[in-house]
Each structure stands twice: as structure tokens, then as C-alpha cells.
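One structure below.
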Amino acid sequence: MRRRSLHIQKHTCSSCGYPAAKTRKYNWSEKAKRRKTVGTGRMRYLKDVSRRFKNGFRTGVPKDSKAPF
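Residue numbers (our numbering): 1239 to 1307.
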């Protein structure tokens, strides 16, 4: 089912505010913010950040080898 939140005459979406640059959100609607907030989608990039933060955002550094030097 398709949502019918795009107003034909106004040319704006009542759900997200499209075509505005910023996403529509109001602080008086706590539940609506909860539905749309970070963590409700796939988080393709963000779910990787916590692990990299734990390791100090190391890039291009080889992993510690098990063999003695």
C-alpha cells in the first residue's frame, strides 16, 4: 500500500515535508519522532561506527599478528 501523504495542490508531503530540504519534524509529537529517528532503518553506515570508535578509528593499519617477532 502506498501512503497518500503527498498533497496534490500544495505539492508538499505531509509526512516528511518533501520537496523541502529538511525533513519535517515537530517536538510536540514524541511518537512521530520515535518512528522516524535514527535506528529505525538499516543504518548501513552508523551500525559500523560504534565498533570503529571502540578501536580509535584506525584505518589502513594491519591487525596484530599472532606470530612472534
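Using N, Cα and C, we set each Cβ at its ideal position, and we do this for glycine too.
Residues sharing a beta bridge with residue i, DSSP
i: C1254; result: Its beta-bridge partners do not exist; DSSP assigns none.
i: L1244; result: C1251
Where residue i falls: helix, strand or coil (DSSP)
i: T1287; result: The sequence shown places Val at residue 1287, not Thr. If DSSP states are grouped into helix, strand and coil, V1287 belongs with the helices.
i: R1282; result: coil
i: K1269; result: helix
i: K1292; result: helix
i: K1274; result: helix
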